[in-house]
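Quick note: the sequence shown, position 20, residue 32 per my numbering, numbers continuous.
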Amino acid sequence: YDREPKEPKDVEAYWKGRLTWNGSKDLQDISISIRNVTANDTGTYECEVSRFFDFDSFTHSTTRKITIELK
Numbered sequence: 013y014d015r016e017p018k019e020p021k022d023v024e025a026y027w028k029g030r031l032t033w034n035g036s037k038d039l040q041d042i043s044i045s046i047r048n049v050t051a052n053d054t055g056t057y058e059c060e061v062s063r064f065f066d067f068d069s070f071t072h073s074t075t076r077k078i079t080i081e082l083k
């Protein structure tokens, strides 16, 4: 997900217009919302976020993977 534009880069037609970035510009809050959720959306979802910070002598990276089951 790229903060600009507000829609994911490679979104399937099923999700088009339903996903919104709610995170902060400084990336301290990395969250998305799914709008117009229906019973057809039931299932397991995974979100993986990677952040990279470049400093003069090194690059720091953080990755977090979250799994949510929608019932």
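Virtual Cβ for every residue (Gly too), placed ideally from N, Cα, C. The structure presented is a predicted model; accordingly, all values stated were derived computationally and were not measured.
Can you find the residues in the same chain that come closer than 7 Å, C-beta to C-beta, to residue i, ignoring five residues on each side of it along the sequence?
{"i": "K83", "result": "T54"}
{"i": "H72", "result": "F65"}
Within this structure, are the beta carbons of residue i and residue j separated by less than 7 Å?
{"i": "G35", "j": "I46", "result": "no"}
{"i": "N48", "j": "R30", "result": "yes"}
Alpha carbon to alpha carbon, how far is residue j from residue i? Give it in angstroms, no decimals.
{"i": "V61", "j": "I78", "result": "9 Å"}
{"i": "F67", "j": "Q40", "result": "18 Å"}
{"i": "E58", "j": "I80", "result": "6 Å"}
{"i": "I44", "j": "S69", "result": "33 Å"}
{"i": "E24", "j": "D38", "result": "27 Å"}
Which residues in the same chain as residue i place their Cβ atom closer than 6 Å to its Cβ, once the five residues preceding and following it in sequence are excluded?
{"i": "T74", "result": "R63"}
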